[in-house]
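Residue numbers (the working numbering), protein chains in the order written: chain A, 1 to 208; chain B, 1 to 208; chain C, 1 to 208; chain D, 1 to 208; chain E, 1 to 208; chain F, 1 to 208; chain G, 1 to 208; chain H, 1 to 208.
Note sheet for the following structure.
There are 8 protein chains.
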Amino acid sequence: RRCGFPEVIYAEGKTVEAVQAIVARLLEQGERVLATRVSAEQAAELVPMFPQAQYNQLGRTLRVDPEGTSQAAIGHVAVITAGTSDRPVSEEVRETLGWMGVQVTMIYDVGVAGPHRLPSRLAEFESADVVVVAAGMEGALPSVVGGYVGCPVIAVPTSVGYGASLGGIAALLSMLNSCAANVTVVNIDAGFKAGYLAGLIVNKIHAK
Amino acid sequence: RRCGFPEVIYAEGKTVEAVQAIVARLLEQGERVLATRVSAEQAAELVPMFPQAQYNQLGRTLRVDPEGTSQAAIGHVAVITAGTSDRPVSEEVRETLGWMGVQVTMIYDVGVAGPHRLPSRLAEFESADVVVVAAGMEGALPSVVGGYVGCPVIAVPTSVGYGASLGGIAALLSMLNSCAANVTVVNIDAGFKAGYLAGLIVNKIHAK
Amino acid sequence: RRCGFPEVIYAEGKTVEAVQAIVARLLEQGERVLATRVSAEQAAELVPMFPQAQYNQLGRTLRVDPEGTSQAAIGHVAVITAGTSDRPVSEEVRETLGWMGVQVTMIYDVGVAGPHRLPSRLAEFESADVVVVAAGMEGALPSVVGGYVGCPVIAVPTSVGYGASLGGIAALLSMLNSCAANVTVVNIDAGFKAGYLAGLIVNKIHAK
Amino acid sequence: RRCGFPEVIYAEGKTVEAVQAIVARLLEQGERVLATRVSAEQAAELVPMFPQAQYNQLGRTLRVDPEGTSQAAIGHVAVITAGTSDRPVSEEVRETLGWMGVQVTMIYDVGVAGPHRLPSRLAEFESADVVVVAAGMEGALPSVVGGYVGCPVIAVPTSVGYGASLGGIAALLSMLNSCAANVTVVNIDAGFKAGYLAGLIVNKIHAK
Amino acid sequence: RRCGFPEVIYAEGKTVEAVQAIVARLLEQGERVLATRVSAEQAAELVPMFPQAQYNQLGRTLRVDPEGTSQAAIGHVAVITAGTSDRPVSEEVRETLGWMGVQVTMIYDVGVAGPHRLPSRLAEFESADVVVVAAGMEGALPSVVGGYVGCPVIAVPTSVGYGASLGGIAALLSMLNSCAANVTVVNIDAGFKAGYLAGLIVNKIHAK
Amino acid sequence: RRCGFPEVIYAEGKTVEAVQAIVARLLEQGERVLATRVSAEQAAELVPMFPQAQYNQLGRTLRVDPEGTSQAAIGHVAVITAGTSDRPVSEEVRETLGWMGVQVTMIYDVGVAGPHRLPSRLAEFESADVVVVAAGMEGALPSVVGGYVGCPVIAVPTSVGYGASLGGIAALLSMLNSCAANVTVVNIDAGFKAGYLAGLIVNKIHAK
Amino acid sequence: RRCGFPEVIYAEGKTVEAVQAIVARLLEQGERVLATRVSAEQAAELVPMFPQAQYNQLGRTLRVDPEGTSQAAIGHVAVITAGTSDRPVSEEVRETLGWMGVQVTMIYDVGVAGPHRLPSRLAEFESADVVVVAAGMEGALPSVVGGYVGCPVIAVPTSVGYGASLGGIAALLSMLNSCAANVTVVNIDAGFKAGYLAGLIVNKIHAK
Amino acid sequence: RRCGFPEVIYAEGKTVEAVQAIVARLLEQGERVLATRVSAEQAAELVPMFPQAQYNQLGRTLRVDPEGTSQAAIGHVAVITAGTSDRPVSEEVRETLGWMGVQVTMIYDVGVAGPHRLPSRLAEFESADVVVVAAGMEGALPSVVGGYVGCPVIAVPTSVGYGASLGGIAALLSMLNSCAANVTVVNIDAGFKAGYLAGLIVNKIHAK
Ligand SMILES: Nc1ncnc2c1ncn2[C@@H]1O[C@H](COP(=O)(O)O)[C@@H](O)[C@H]1O
Ligand SMILES: Nc1ncnc2c1ncn2[C@@H]1O[C@H](COP(=O)(O)O)[C@@H](O)[C@H]1O
Ligand SMILES: Nc1ncnc2c1ncn2[C@@H]1O[C@H](COP(=O)(O)O)[C@@H](O)[C@H]1O
Ligand SMILES: Nc1ncnc2c1ncn2[C@@H]1O[C@H](COP(=O)(O)O)[C@@H](O)[C@H]1O
Ligand SMILES: [Mg+2]
Ligand SMILES: [Mg+2]
Ligand SMILES: [Mg+2]
Ligand SMILES: [Mg+2]
Ligand SMILES: [Mg+2]
Ligand SMILES: [Mg+2]
Ligand SMILES: [Mg+2]
Ligand SMILES: [Mg+2]
């Protein structure tokens, strides 16, 4: 239970049996289970094995809570995405935060090229504890969001784009060079990491 | 007189004598002269040679108009910069447009991390024929500007930044991937090219 | 209707239902519809849904005009390609300009290694308002075209090539470094962006 | 006062007069002043101008508090460095946190190649609110630290190294790929950003 | 028999007939045979051809010993892996060392983010002649191992990871920049090379 | 005398004494001497030592023929440059060919953006045995030249340019991707290599 | 008939009908036909259409000579390959030279790691007019060959390798930096270009 | 005394006082001292402080043995360099091995482009325990050496070269892709690392 949370299963490249075994062990220990990068094929076999299992197809996450668990969600994280294609990443963020017991507001389709869209939604994210922003292509959204809020902004570059987007490298470089001082960055498509960090910060704030 | 404009002198690596000779020849032909990338050392020798010479130290440009020339400026280009360090590039844009007889509005210090600054200046650039945006670091400003205007936006990445800005490559990639459809890009620090293209478009519009 | 044109649908990664819904909404608003990056599979389902639909297989674009629309085309854009393999990109340019109501001349197969081919066609493009050039491999064509015309040249690097072409990066770098001052650049394979910018400039010129 | 803190001066490339003017204005507004990337030459002129000025030569920061200011420091951030050469960056972190009124513990010379050094100092950082780790060369230290603590770890790659360190790119990539889920990353040598983010999180936690 | 060992077959891209012929020739010469990068399809045909054949599916190696061979294994190499996904590479290391007659200890799942795991296994590798470490993502493990042992450490970056791992480049750069002086590096996923070098060193030591 | 020519001295990083010694030894053997990358400082000391020495300041070459040598030049190589800044490289080509006893035609300032300049000089290079083209920035000239001639074209990318020229990498990639089949490439700024290869081919042709 | 040779068909991405049409036209003009990058699928349809057609499966080339043509081959090119996997490229070289009427000696499997293999074959290539060397991985072979011969060496990097071979970039860079002065380079996997250049040089030599 | 050897001082960026203090402490402990990357300026101050100090100007190393120390050198490492410019790196290798008490044979100027030079010296290195090869530019020498010997070959890429050598990256990639199975690689210009690893292996062999 490093950081106060149980182990998270990275399902990519693992057999269904391997994943099943870890899920079963964690449930026995009374833990709430999160597996990421679970393919539709893996999920088709795993979901029937656990009555409580919830598969998020877009975010490729599998969650299984021990029976009878219920948790009052705390804090507030806003998850903002520039375009539709960034949604798989933001769903991974959302599920990670749900598993950590954190309240989430999802704000979609507020890319920088429609500059009136983001401020019109300001009320929904300006009081968040942390904001997570997922954006591909030029990756400009975190800088703009960083200008509207006083809290930490966790930027997730996505691999969305073509040509000179170089599989997310353009967005990654852009975010690292953000002129907003409150922006920090995780790996390309690393929705889990962004969510986990946001959840840790929320827990630090609300555990006080 | 390709494109209807005389030759422009690229002074980098040329001797003072070489530049002087081209300036003199162009003046004799009755042309207005523009030299770019003129160092302070070159200028110190060149300026006294031509009574009409105007040296822009920040933009490193030298202009020499034939005596008695005067030209009514046409059109309207807005030149927008994100931060103070991008000014050498925007001065090169301004001088190039001045030489082409185009009216220019300079808008400084409206970086994306202060998101209220740009819209507060909208009146100054929304009716421009073309907007030029110079930005370094994450290079996000052209995308945001592109969302506010309906005209072509010419983005100039600058080499301003450190670390992962990679001498302007981060800003260049960001601009090429702009999700605003009206953004086109020139080389890093290529203020001359951005100005020249903007000037050509203005001439096409107002020559009609 | 940013820039005076309705929204364009980027179909890549969208479901047929999602695309259909946006097409229907735009038609209801009386708009002429353009969708780009539409796969043959998406088109096979979408075309029968809209009697006016026109699918360009090479350019992967879908256009649907409201019934009874007809528009006199204005201006003149020349679209020049170096080789046969660059045609998917130039078709995307052509359809974008058609949708914007701009007249287009297509000039094929005038790569720089056959240096007599381009000047023999000069009459067809020297009076254009804007020239778009799509080229892969070494991406040298825009520089040469830029030397023949006085108007803006929009260069589109294509991902055509192998080995050190690096998926279009070689052509992109080449175009950014063009020694012709009237060349500006968009993303690799970004036929839509090149067409859109050319269309905006034409509209600026002929709207006067 | 974005994020509840006044503007920070980025002195690189600014004239002494420009920096002096901003410092004076901020002091007049009763703000505590921080300037970063202040060269020894700039400092030699600025320090005598303001009696309260404190210049950190290693970290290249200048701080000026309004007379009579005193602030009880809150929270706890541990700043860990791998080697001696990373100290300029960690000093920038320390000064930024000092300016934000946050308590700091500095832990030096605990590089991963001496694996007993870090755990022997665990008592000093395991209860920190946030840990900042600055490391160059292979940039492995944040991953190891991330394994010892349950709080957010902010990793700053430094440009320390030679050959394949590529000016900090090797450390940057390493940190982005950290297998520790609680590690997030800022730009190469961006001590200010790391400190600012750590300070924001501390303020969120202790402002509750 | 360069280096005292027979030729090793690199099966990638070879036909089954080609591989079969080399195996047969080597067996006739009384040599112990190792083929690497043997696909499951190739193996399905090759294994029935040679009664002694042993196929390692994970490591994609095929070994065939001449009948009646038996060899007392010498020396001691520890093969350490950070995560489950690095196992194909470590299996290639193991098989190469087995073929060279070297004793191997496999140590799994001791990634740096669980910093207590590696020292708890120290007894198993501290007296090894050589340690091979296979790690993907940030590639930090060899540096940490290098701090615990006094023998040469051969680091194999693996292509495990996503986004900024760049197919193993991040791990490769990290390992080349290791601050542990006893770490040397081979190509990405080059389990064969790491094993071969380790085997050569063991032979040098124990042949004395 | 590999390739029928004596050793060439690469003076970069050698002491004056070291270069002097090799020159003296070669002269004693009756060889004609060529040294490349000779700095002005090295030349200032070396030239007085050898009465026959000829230093080319632009090309940074030093030639010393044994007394009484005279050689009828054979063959014909055209050396074409795009811009003034590429002349240091073309001078190195010229000197190398002179040393090899090959006739050279220099053709300057025929960059692709002035497309009428190159064909107007066709008579001077169309019958050459080999053409060498030195070009920086976008490096497009070799492709165009390759279209005009039927002989081998040796392309030398130069480090001339700024921003995305990446110190000659843009020109290098462009040339490697040339769509003219008769273009081959040497290293950036490698005037010596281009000249040497051209000289070898001429010798093969005229030695027959 | 640029360079004295008819057009060569680049079949990649062309329809069978398109290729067939060009082949038929060239045959009618009495030309010998070469098509490169012809897939097995394209060949299966094209070969039955032309009785004289010869398809080289490894080299992916199709040759069709007009009936009754016969040509005495001239000159001598040696084509040297490091490993078995480089053969597709060397077959493309061989077919190109055959089509140009040049005699070819193929020398296989003389990689630098078996340093006795190359000199043992010296008699076969030391008197060649030109040597072509195809090598992947570290691309060291052209430098070594360049040391044995006095003629031009055309190096073709191949995309053979894994990990840090970066799809042929490692071999390409290696060859560009060859310390042998008689080595020149073409694009990765560009067997056609290497053969064409070698053929042009042979024709220059033997046409005298 | 990790690995059985005392700490080595990396002098780059340290003050003379800092280096002096560590040297003095190590001498007091009776250790033999090695400092690397010691500039001529640092050495000018340090050498007079320690009567036993030996400064190697080319290799930039400083060694200080406690009075009365003498050590019989063991084993045999051959250090091979391709060209004169690689000598600073090979001197760092030599000094490191001298400090470790290992016998060294230096073999200079046996670059691959003179292929008879290396085999003519075979007697001097074929029985070595380990061979270290330092080479810049194309970095081909380790592969060739690897083919002549049966022992481990440690390759050190050097930053010698220009243009596409990319400061040693070309040589580094080449060496990582060596087709000789007994070649392993360290960082660019990392003479110390190569020497240290060679010394460790020798100690393992001869300590038995
Ligand atoms: N700052 C600049 N950046 C890029 N191109 C320039 C610049 N200044 C001038 N030029 C171009 O360089 C040409 C002259 O180049 P040159 O013949 O080398 O003096 C002019 O006609 C311009 O098109
Ligand atoms: N060392 C630094 N690195 C990155 N950003 C900084 C640094 N120092 C100050 N800043 C930011 O730069 C902004 C001021 O930039 P400027 O307007 O160019 O002075 C401040 O508000 C900070 O957010
Ligand atoms: N997985 C591998 N990676 C790198 N080199 C290998 C591998 N397997 C075999 N080799 C080397 O490849 C040589 C045979 O190559 P080839 O002649 O192409 O079959 C062997 O002698 C080994 O040195
Ligand atoms: N400018 C140059 N670029 C590349 N190679 C060169 C150059 N000048 C001389 N050389 C080569 O360097 C070899 C001498 O290298 P070195 O032994 O280091 O002096 C000569 O035989 C040439 O092949
Ligand atoms: Mg985006
Ligand atoms: Mg900016
Ligand atoms: Mg092309
Ligand atoms: Mg470090
Ligand atoms: Mg790992
Ligand atoms: Mg050029
Ligand atoms: Mg090879
Ligand atoms: Mg070398």
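All residues carry an ideal CB built from backbone N, CA and C; glycine is no exception.
These figures come from a predicted structure and were not determined experimentally.
Rounded straight-line distance, which links the Cα of F/V145 to that of F/G139: F/G139 and F/V145 have their C-alpha atoms some 11 Å from each other.
Selection from D/L197, D/A207 and D/F192 that minimises the alpha carbon distance to D/E95: Ranking the options by Cα distance to D/E95, first place goes to D/F192.
Every unbroken beta strand (DSSP E) within the region 78–155 of chain C, with a cutoff of 3 residues, ordered by chain: For secondary structure counted as the beta strand (DSSP E) over 3 or more consecutive residues, the region 78–155 of chain C holds these complete runs in sequence order: 102–107 and 130–135.
Taking CB distances under 9 Å as the criterion, tell me whether D/N177 reaches chain B. Taking Cβ atoms only, chain B never reaches closer than 9 Å to D/N177, which makes this a no.
Is D/Q71 buried or exposed, if buried means 16 or more other CB atoms sit within 10 Å of its CB? The residue in question, D/Q71, is exposed, as its Cβ has fewer than 16 Cβ neighbours within 10 Å.
In terms of residue numbering, what span does the beta strand (DSSP E) encompassing G/Y55 cover? It spans Q54 to N56 - the beta strand (DSSP E) in which G/Y55 sits, taken as one unbroken run.
In the region 136–168 of chain A, which residues sit with their C-beta less than 7 Å from some C-beta in chain C, listed in chain order? For the region 136–168 of chain A, the set of residues with a beta-carbon nearer than 7 Å to any beta-carbon of chain C comprises Y162, G163 and A164, in chain order.
Mark A/T81 as exposed unless 16 or more other C-beta atoms lie within 10 angstroms of its C-beta, in which case mark it buried. A buried status is given to A/T81, since no fewer than 16 other beta-carbon atoms sit within 10 Å of its beta-carbon.
Please classify F/P48 as buried or exposed, where buried requires at least 16 neighbouring CB atoms within 10 angstroms. Result: exposed.
9 Å is my cut-off, CB to CB: does G/D189 come that close to chain C? Yes, G/D189 counts as interfacial toward chain C.
Any chance the region 2–14 of chain B sits against the region 193–201 of chain A, with 3 or more Cβ pairs inside 8 Å? The region 2–14 of chain B makes no contact with the region 193–201 of chain A; the number of CB pairs closer than 8 Å stays below 3.
Taking three-plus beta-carbon pairs below 8 Å as touching, is the region 53–61 of chain G in contact with the region 32–39 of chain G? Counting Cβ pairs under 8 Å, three or more are found: they touch.
Expressed to the nearest angstrom, what Euclidean distance is found between the alpha-carbon atoms of A/V79 and E/G161? Computed Cα separation, rounded: 24 Å.
Is the Cβ of C/S39 closer than 9 Å to any Cβ of chain G? It does not; no Cβ of chain G falls within 9 Å.
Close Cβ partners of F/P119 (< 8 Å) along its chain, the five nearest in sequence each way excluded: Taken in chain order, the residues that qualify are Y148.
Does any residue of chain E bring its CB to less than 9 Å from the CB of D/P88? Taking a beta-carbon distance threshold of 9 Å, D/P88 does not count as an interface residue toward chain E.
Are the region 165–181 of chain B and the region 169–178 of chain F touching by the rule of at least three beta carbon pairs closer than 8 Å? The region 165–181 of chain B, when compared against the region 169–178 of chain F, does not touch it at the 8 Å Cβ threshold.
Three Cβ pairs or more, each shorter than 8 Å: is that satisfied between the region 120–134 of chain F and the region 106–122 of chain C? By the Cβ criterion, the region 120–134 of chain F is not in contact with the region 106–122 of chain C, since fewer than three pairs of Cβ atoms, one from each stretch, lie closer than 8 Å.
On a CA-only basis, which of F/P51, F/V93 and F/M100 is nearest F/A155? Give me that one, please. When C-alpha distances from F/A155 are compared across F/P51, F/V93 and F/M100, the shortest belongs to F/V93.
Whose CA, out of F/D129, F/S159 and F/V185, lies closest to the CA of G/I205? F/D129 is the residue among F/D129, F/S159 and F/V185 whose C-alpha sits nearest the C-alpha of G/I205.
Specify the secondary structure class of E/G68 as computed by DSSP and reduced to three states. Here DSSP, grouped into helix, strand and coil, assigns E/G68 to coil.
Ignoring anything shorter than 3 residues or poking outside the region 16–64 of chain E, list the beta strand (DSSP E) runs there in chain order. With a minimum length of 3 residues, the continuous beta strand (DSSP E) runs that stay inside the region 16–64 of chain E are 33–36, 54–56 and 61–64.
Do you know whose CA, among G/D189, G/L141 and G/P157, lies nearest G/C179's CA? Here the closest residue by C-alpha is G/L141.
Leaving aside the five residues before and after F/N56 along the sequence, list all residues of the same chain whose C-beta is less than 6 Å from its C-beta, in chain order. A distance below 6 Å between beta-carbons, with the five flanking residues on each side excluded, links F/N56 to the following residues of its chain, in chain order: E91 and E95.
Just checking my contact of C/V77 with C/V102 at CB under 8 Å: how many whole Å lie between their CB atoms? Rounded, the Cβ-Cβ distance is 6 Å, consistent with contact.
Can you tell me the Cα-Cα spacing of E/E67 and G/A43, whole angstroms? Going by the C-alpha atoms only, they are around 46 Å apart.
What span of residues does the beta strand (DSSP E) with F/V185 cover, start to end? If you look at F/V185, you'll find it in the beta strand (DSSP E) that goes V183 to V185.
In the DSSP assignment, what residue or residues form a beta bridge with E/I74? DSSP lists E/V102 as partners of E/I74.
Roughly how many angstroms separate the alpha carbons of D/G136 and G/A190, rounded to a whole number? Annotation: D/G136 to G/A190 spans about 40 Å, alpha carbon to alpha carbon.
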